[in-house]
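Asker: Mapping the sequence shown onto this note's numbering, position 251 (from 1) lands on 1167, and the numbers just tick up by one. Provided herewith is a single structure, encoded as structure tokens, for subsequent inquiry.
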Amino acid sequence: MIEIVRYTPEMRADWDDLVAGARNGNMLHLRNFMDYHSDRFADHSLVAMRSGAPMAVLPANEDGGTLWSHQGLTYGSWIMPSRHIDPSVMLDVMEQTVAYLRHNGFNRLVYKPVPHIYHRYPAEDDLYALWRCGGRLLECGISSTIDLTNRLPLDRGCRSASNSAHRSGVEVSRSQDWAAYWQVLTQVLADRHDTRPVHTLDEIQLLVKRFPDRIRLFSATVQDEIVAGVVMFELGPVAHAQYIAASPRGRELKALTRLFDWLIDHYAEREFRYLDFGISTEQHGTVLNRGLVQQKCRLGGRGILYPIYEITL
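Quick look at the structure:
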């Protein structure tokens, strides 16, 4: 018999052990990552129990009558172990989830499945169960992803830009100067998009301290000045790019193209399966940033969906 219970801090070790060995879990689903912004979200994570032991976990928070999986994460569906869960078991888990939500006064579930490129082993059992329980597509983002085991070449313009940046003295390396890059990033976001980074400098440095081998800053410099950079989250088989920015001088020198040309080789040599640039959609997927997605595709990226579903109870 499967029982759905609410996560409590006493379950932390079991939760993290399950995520570490899961088919579709990664750093984002560990409690040490989730809990850093616990002051922003009312945690209501769920644990599926069988025979008194956790068998799957759902990172989630509550907001009014809605259970979100999870608003502080890009994605975070039922995290499943490599064994013991097949589509029939996941259907039971999802049906019991719906029953739990109804019993506890929720009227909606918003569900953000882990995109398949992040799976260590196929793990879309939950999508079938979601459909069986009345799930429907709520919104859809599209990312651009490079298959590093069968990558496409940079287009001619990108190759020329990378070579030009190299000749102009642009150097690429891993950096520890988070403060300097956050200053560049903050200025670029303010000037070009009238926004600011989701993470403050203190928050990103806290996460780096907790996960020093999985969150890395790479920068492009000219005479020791950071002119472009990107933060890479290493999530299972995927190197995921976040916080991409170039200063005016960096844009003039095509420093980002040089940086990603270098990173593609770097992660291919480290035997990652994918390099994911992140979504190029806005307004819940209804607007495609054509210029941005074309830039990513010229580097060899191709489309991967980031769907979000809902069940109305």
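Ideal Cβ placement from N, Cα and C applies to all residues, glycine included.
#1: Roughly how many angstroms separate the alpha carbons of Q1199 and N1205, rounded to a whole number?
#2: How would you write the range of the alpha helix (DSSP H) that F1176 sits in, first residue to last?
#3: Which residues does DSSP pair with R966 in a beta bridge?
#4: Between I1227, I1195, T1202 and E1226, which has its C-alpha nearest C1213's C-alpha?
#5: I'd like to know whether the C-beta atoms of Y1225 and L1054 end up nearer to each other than 8 Å.
#6: Give me the Cβ distance between I1033 and T1061, rounded to the nearest whole Å; I'm assuming they're in contact under 8 Å.
#7: My guess is that L1229 and N1023 are in contact by the Cβ rule of under 8 Å, so how many angstroms apart are they, rounded?
#8: What whole-angstrom Cβ distance do M996 and A938 have, given they're in contact under 8 Å?
#9: Can you tell which of S1078, F1176, I1001 and A1144 has the C-alpha that lies nearest to the C-alpha of R1165?
#10: Does T1197 come out as helix, strand or coil in the three-state DSSP assignment?
#11: Is it true that the CB of L934 sits closer than 8 Å to the CB of P970?
#12: Cutting at 6 Å between CB atoms, please list the residues of its own chain near T1173, excluding the five before and the five after it.
#13: If you draw a straight line from the alpha carbon of D1093 to that of P1128, how long is it in whole angstroms?
#14: Let's test the definition: count the other Cβ atoms within 10 Å of the Cβ of K948 and tell me whether it reaches 16, buried, or not, exposed.
Answerer: Concretely, from the data shown:
#1: 10 Å
#2: A1171 to E1185
#3: I918 and A969
#4: I1195
#5: A contact, by the Cβ cut-off of 8 Å.
#6: 6 Å
#7: 5 Å
#8: 6 Å
#9: A1144
#10: Strand, per DSSP.
#11: The beta carbons of P970 and L934 sit closer together than 8 Å.
#12: The residues are C1074, A1077 and S1078.
#13: 14 Å
#14: What sits at residue 948 in the sequence shown is Asn, not Lys. Exposed: under 16 other Cβ atoms inside 10 Å.
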